[in-house]
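Asks: Here's a structure for you.
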């Protein structure tokens, strides 16, 4: 119907120029390619607008790939039809070969299906730091076949979608709060209660630690060379690492000021009496 409308328009408006059927077909084919290009530009505009309205940027590559491939396929079929190629035979041939193609490309199809599941179930979004098996990094985007990540030291990682979907995903950024735990070993001759009081004072002076749930302070273990004292406090996820680094150093400093020793690993060896021969 669309092709017939274009033919009618050309014949009525430019009948003298497009009398030659070959020129007319080539012009329509070129027009279809231009329309396809405009649709791709419009698709990018829509996705950018949707991102500004809240669409996760990690989903853009996958959505763009799906719609752009549909536009390519429809445009190709229309151009072939305009040029006189029997597209019905091509569609039938593709349908007959779909089973063989599906078996040959089962891994690729599995990646596409996994990408769609990741897109709709959203176990992570752009910028989240995840760990999945040996894969670690911040999410950059979900593509049609692979997901791209950036490691904390700036490396580019490209992982098949099925590798992420087929294993448990630990998302370190999804929850708004995260529990911080710092454990320090002190000498057996020092007072654990004094060490815990120092920890309580440190936590009470930091407004970034949550008051609910309440922080916890306790002796967590008796090791070979030290008594382990621990504090647990909740903080916003974006503050977690800064607080961990800051108060690991701060507790070491406060213990030194209060003469609480953090011992080196020690081992006591008793020599048995060696019988004389």
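In our numbering, the protein residues as written are 221 to 497.
We treat Cβ as the ideally placed atom computed from N, Cα and C, and that holds for glycine.
Model, not experiment: these values are computed from the prediction.
#1: To the nearest angstrom, how far is the alpha carbon of residue 406 from that of residue 375?
#2: Where does residue 216 land, buried or exposed, given buried means 16+ other C-beta within 10 angstroms?
#3: Work out the CA separation of residue 394 and residue 245 for me, nearest whole Å.
#4: Give a yes or no on whether the C-beta atoms belonging to residue 399 and residue 454 are separated by under 8 Å.
#5: Using three-state DSSP, classify residue 271 as helix, strand or coil.
#6: Please list, in chain order, all residues of the same chain as residue 262 whose beta carbon is under 6 Å from its beta carbon, the five residues on each side excluded.
#7: What are the residues that DSSP puts in a beta bridge with residue 356?
#8: Let me check understanding here. Comparing Cα to Cα, which of 335, 471, 396 and 390 lies closest to residue 368?
#9: On the criterion of 16 or more Cβ atoms from any shown chain inside 10 Å, does residue 292 qualify as buried, or is it exposed?
#10: Would you kindly work out how many angstroms separate the C-alpha atoms of residue 234 and residue 364, rounded to a whole number?
#11: Please name the residue, chosen from 482, 456, 265 and 286, that lies closest to residue 403 on a Cα-to-Cα basis.
#12: Could you round the C-beta distance between residue 341 and residue 362 to whole angstroms and report it? I think they count as a contact, below 8 Å.
#13: Could you tell me which of 484, 415 and 436 sits nearest to residue 470, measuring between CA atoms?
#14: Output yes or no for whether 8 Å exceeds the beta carbon distance between residue 299 and residue 249.
#15: Who are residue 501's beta bridge partners in DSSP?
#16: Can you give the beta carbon distance from residue 412 to residue 456, rounded, assuming they're within the 8 Å contact cut?
#17: Which of the three DSSP states, helix, strand or coil, is assigned to residue 377?
#18: What alpha helix (DSSP H) runs, 4 residues minimum, are completely inside the region 452 to 491?
#19: Give me whichever residues DSSP pairs with residue 214 in a beta bridge.
#20: Tell me, please, whether the region 377 to 384 touches the region 347 to 361 by the rule of three or more beta-carbon pairs shorter than 8 Å.
#21: What are the residues that DSSP puts in a beta bridge with residue 367?
#22: With a threshold of 16 other CB atoms inside 10 Å of the CB of residue 239, please say whether the residue is buried or exposed.
#23: Could you tell me the boundaries of the beta strand (DSSP E) in which residue 404 lies?
#24: Report the three-state DSSP secondary structure of residue 287 (helix, strand or coil).
#25: DSSP on residue 344, reduced to helix/strand/coil?
#26: Which residue wins for smallest C-alpha separation from residue 241, given the options 258, 304 and 254?
Replies: Reading from the atomic positions:
#1: Residue 406 and residue 375 have their C-alpha atoms roughly 39 Å apart.
#2: Past the boundaries of the shown model lies residue 216; the chain is included only from 221 to 497, so the question cannot be answered.
#3: Straight-line Cα distance between these residues: approximately 54 Å.
#4: In this structure, residue 454 lies closer than 8 Å to residue 399 by Cβ.
#5: Here residue 271 sits in helix by DSSP.
#6: Excluding sequence neighbours, residue 262 sits near nothing in its chain.
#7: When DSSP reads this structure, residue 356 sits in a beta bridge with 351.
#8: Checking every option, the nearest Cα to that of residue 368 belongs to 335.
#9: Classification for residue 292: exposed.
#10: Confidence at residue 234 is low in this model, with a pLDDT of 48, below 50, so the placement of that residue should be treated as unreliable; the coordinate-derived value is given next. Their Cα atoms are separated by approximately 43 Å.
#11: It is 482.
#12: Residue 341 to residue 362, Cβ: 11 Å. No contact.
#13: Measuring from the Cα of residue 470, the nearest candidate turns out to be 415.
#14: Contact: yes.
#15: As shown, the chain starts at 221 and ends at 497. That puts residue 501 outside it, with no answer to give.
#16: That belief does not hold up - the Cβ atoms of residue 412 and residue 456 are roughly 29 Å apart, past 8 Å.
#17: DSSP, reduced to helix, strand and coil, places residue 377 within a strand of the structure shown.
#18: If we require 4 residues or more, the alpha helix (DSSP H) runs fully inside the region 452 to 491 come out as 460 to 477.
#19: Lying outside 221 to 497, the shown extent of the chain, residue 214 is not represented and no answer is given.
#20: As far as the Cβ criterion goes, the region 377 to 384 touches the region 347 to 361, which means the pair count is three or higher.
#21: 362 and 379.
#22: Only weak support is given to the placement of residue 239: the predicted model assigns it a pLDDT of 48, under 50, and the question is left unresolved by the model.
#23: It spans 397 to 406 - the beta strand (DSSP E) in which residue 404 sits, taken as one unbroken run.
#24: Residue 287: helix per DSSP, three-state reduction.
#25: Coil, per DSSP.
#26: Taking only the C-alpha atoms, the option nearest residue 241 is 304.
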